[in-house]
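Enquirer: Going line by line, the protein sequences match chains B and U. Position 206 of the first sequence, counted from 1, bears residue number 205 in numbering that gives the first Met the number 0, the numbering being contiguous throughout. Position 7 of the second sequence, counted from 1, bears residue number 6 in numbering that gives the first Met the number 0, the numbering being contiguous throughout. Virtual Cβ for every residue (Gly too), placed ideally from N, Cα, C. What follows is a structure written as C-alpha cells; I'll ask about it next.
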Amino acid sequence: MIDHISQANLNALADGELSSDQLSRVNDHLAACPACTSAALVQTLLKTNIAKAGQRYAMPAGLEERLKRLATSDTARRSRPSGRSAIAGWATAAAILLVIFSGLILVQQGRRRTELAALEYQAQASEVSDLHIATLAAGLGPQVISSDRHTVKPWFQGKLPFSFNLPENLPGDTKLDGANLTYLHNQPVAQLLYTMGRHRVSVFLAERRTGEPMAEKQSEHSGFKVTSVGVGDLDIVAVSDVDPVRLAQLVSLIKNVQTGT
Amino acid sequence: MTLLPWKREARKPGPQTSAFEDLALPLLPALYNVAFWLTRNATDAEDLVQESFLKALRGFAGFEPGTNFKAWIFRILRNTFLTSRTGLEATRTVALEEELDEQSVAGSGLYPEAAIDRQTPEINLMRLADRAMLQGALEKLPPPLLEVILLCDVEEMKYKEIAVVLEIPIGTVMSRVARARTALRKTLQTQNAQTRERGA
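So this is what it looks like as C-alpha cells:
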C-alpha cells in the first residue's frame, strides 16, 4: 500500500514550504503516484487562480497623497524645535519671506491644520469607540473592579506615566464600575468604566505629549457619543450611547476634579 | 518615571518618517486590497488603512529594524480591523471551529491509485474557473479563513510570517490554509454544478 501525500503536505508543496528533505521525498512519491500528482496540480492551479482573483481592489486615487501629508504633518506636530541659534540665524530671511507670503501661508497652514485636526479627531473618536465596543463585546469585568476611587486610582500606580484624580460625588444613577489599563496610539491610558442608569460609559485618560489642552468637543461615531476635553497635561475622552448632555456632565466633573475646582 | 520603556527612545522625526514612508508606502495597495476584502466596503477600507497607517507611524519607534516590516504593518491592520465594529461583527458571527487535526487531512486512502489523468473534472474546473467565480468563492469564506488565504496566496507570505500577522501558531496557519482551500474547492464545485444544471 502506498502512503499518499497528506493534504497538509500538498498545501505546503504548493506554498513552497517544504524543506529540501521533504521536497525530495514528495517528488519521489509524485514520480510514482498519478493520483497525488493530480491532487498537487489542483492545489497549484487553485493557488495561482486565487492569487489573481484576490488582487481585486485598487487603492482610490488620492489616498496615498493624503497619507503622505498626514505622516509629514503628524511628525512635524510631534517634533519640538531644536537648535535655537540656527533658527535665529535664519530668522531675518524668514521674516522677509513671511511678510511677502504671510497671507497665503497662513491660509494654507490654517486649512492644513484644520484638516489634520479634523482627521486626527476623527481617528481618535473612531479608536475610542472601537475600544469601548470591544470592552462591551468582550463581556469581561474590569481589570480593577471597584466603585471606590481610592481603590481604582492607586491601582494605576506604576502602570501609567501620569496620575489623575477621580470625582467623589457622582450624579444619582452614575456609578464607577472599575477600570482597565489599555492603549491608545500605542500609549498607555486609563479606561474608567462607569454605568449611567443602563448605559455603559468609558472614559479614557491619556497623557498629552504635545500641544495645548483641547477645548471641549462632541461628536458621534458608530452611534456612540464622544466627548473630549483637555486639562493640564491630560486628555479626557468619554464614549457612550447615553444622552450627550449627561456624558458632558460626567466629563466636566472629571475635568474639574483634576484642577480642584 | 524615567524607566518606562515607551519613554526610553527619543523619536527622530525627519529620518524616521522618511524610513517609515519608504517601507510603508509601497505596501499601501496591498493593505487596501486586504482591508477591502475584510471590510467589504470602500469607505471602511479607506478608514481602516488610514487608521492602521497612523498607528504604525506612531508606533514605528518600537519597530525593530531588520525584522519583517510587512508582517508588522499587516498585524496592525488586522488588529485594527478586529477592534473595529465591522471586525467585531465578523468575528462574532463566525464560530471558530476546532482546528483541523493533521490526521483528518492526511491523504491515506484519499486518492485512489490510477493512471495520471490531467483532465480530471477538478483540474478542468480549476482551469476554467473564472475570476468572478473565484471571487464569489472567496467572499463565502469566513473571515479567519479568508484572511489566511489572502496573506498566503495573494500576499505570498510564508507560514511563519502569517503566524506573526495573525498571532497564531504555524500549525494553526497550516490547518486554516487547508480548510480555506477545501472550502474554496467545494464552493467552486457547487457553483459549477449549478451552472451546469441551469445550462441543461
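Determine contact between the region 150-162 of chain B and the region 20-33 of chain U, defined as no fewer than three beta-carbon pairs at a distance below 8 Å.
Expert: No, the region 150-162 of chain B does not touch the region 20-33 of chain U.
Enquirer: Could you check whether the Cβ of P28(U) sits closer than 8 Å to any Cβ belonging to chain B?
Expert: Yes, because at least one Cβ of chain B sits closer than 8 Å to the Cβ of P28(U).
Enquirer: For V236(B) versus V244(B), is the C-beta spacing smaller than 8 Å?
Expert: No, Cβ-Cβ distance for V236(B) and V244(B) is not below 8 Å.
Enquirer: Assign Y158(U) to one of three DSSP states: helix, strand, or coil.
Expert: Helix at Y158(U).
Enquirer: Check whether the Cβ of R39(U) lies closer than 8 Å to any Cβ atom in chain B.
Expert: It does not: the Cβ of R39(U) has no partner Cβ on chain B nearer than 8 Å.
Enquirer: If we define contact as Cβ-Cβ less than 8 Å, is V153(U) a contact residue for chain B?
Expert: Yes, its Cβ sits closer than 8 Å to a Cβ of chain B.
Enquirer: When the Cβ atoms of the region 177-190 of chain U are set against those of the region 141-148 of chain U, are three or more pairs found closer than 8 Å?
Expert: Yes: at least three Cβ pairs fall under 8 Å.
Enquirer: With a cut-off of 8 Å, do at least 3 Cβ pairs link the region 35-47 of chain B to the region 11-21 of chain B?
Expert: Flag = yes, the region 35-47 of chain B and the region 11-21 of chain B touch.
Enquirer: From which residue to which residue does the alpha helix (DSSP H) around Q6(B) run?
Expert: Q6(B) -> alpha helix (DSSP H) spans Q6 to A13.
Enquirer: Grab me the residues of A38(B)'s own chain with a C-beta within less than 6 Å of its C-beta, minus the 5 sequence neighbours each way, in chain order.
Expert: Here the set comprises L9.
Enquirer: Quick check on DSSP: helix, strand or coil for A94(U)?
Expert: For A94(U), the predicted structure reports a pLDDT of 44, less than 50, and the residue's modelled location is therefore unreliable. A value from the coordinates is still provided. A94(U) falls in the coil class under three-state DSSP.
Enquirer: Would you report the Cα separation of S81(B) and G210(B), rounded to the nearest angstrom?
Expert: Interpretation of S81(B) is limited by its pLDDT of 49, a score under 50 that renders its predicted location unreliable; the figure taken from the coordinates is listed afterwards. Those two C-alpha atoms are separated by around 16 Å.
Enquirer: Between I49(B) and chain U, is there a C-beta pair that is closer than 8 Å?
Expert: Cβ-Cβ to chain U under 8 Å: yes for I49(B).
Enquirer: At least one CB of chain U closer than 8 Å to the CB of R199(B): is that the case?
Expert: Closer than 8 Å: no.
Enquirer: Distance, Cα to Cα, A55(U) vs F163(B)?
Expert: Their Cα atoms are separated by approximately 28 Å.
Enquirer: List, in order along the chain, the chain B residues whose C-beta lies closer than 7 Å to that of Q134(U)?
Expert: What Q134(U) touches in chain B: A52 and R55.
Enquirer: Between the region 60-76 of chain U and the region 132-150 of chain B, can you find at least three pairs of beta-carbon atoms closer than 8 Å?
Expert: Output reads no: the region 60-76 of chain U does not touch the region 132-150 of chain B.
Enquirer: Ordered along the chain, which non-local residues of its own chain (more than five positions away) have a Cβ less than 6 Å from that of L76(U)?
Expert: So the list reads L30 and S51, once near-sequence residues are dropped.
Enquirer: Distance, Cα to Cα, R130(U) vs L137(U)?
Expert: For R130(U) and L137(U), the distance between alpha carbons rounds to 10 Å.
Enquirer: Here's a check: name, in chain order, each residue in its chain whose Cβ is nearer than 7 Å to the Cβ of M132(U), leaving out the five neighbours to either side.
Expert: Same-chain partners within the cutoff: L187 and Q190.
Enquirer: What's the C-alpha gap between S23(B) and K157(U)?
Expert: Rounded to whole angstroms, S23(B) to K157(U) spans 20 Å at the Cα level.
Enquirer: Are the CB atoms of V202(B) and I253(B) within a distance shorter than 8 Å?
Expert: Yes.
Enquirer: Around the C-beta of D129(B), are 16 or more other C-beta atoms found within 10 angstroms, so that it is buried, or is it exposed?
Expert: Under this definition D129(B) is a buried residue.
Enquirer: Along the beta strand (DSSP E) that carries K152(B), what are the first and last residues, could you check?
Expert: Careful: K152(B) lies outside any beta strand (DSSP E), inside the alpha helix (DSSP H) at R148 to W154.
Enquirer: Taking the beta strand (DSSP E) that P187(B) belongs to, which residues open and close that run?
Expert: Looking at the DSSP string, the run of the beta strand (DSSP E) that includes P187(B) is Q186 to M195.
Enquirer: If I'm right that D240(B) touches G222(B) with Cβ under 8 Å, what's the distance once you round it to whole angstroms?
Expert: Correct: roughly 7 Å between the Cβ atoms.
Enquirer: With a threshold of 8 Å between beta carbons, is K69(U) in contact with chain B?
Expert: Chain B, which has no Cβ nearer than 8 Å to the Cβ of K69(U), makes this no.
Enquirer: Is DSSP giving N32(U) helix, strand or coil here?
Expert: If DSSP states are grouped into helix, strand and coil, N32(U) belongs with the helices.
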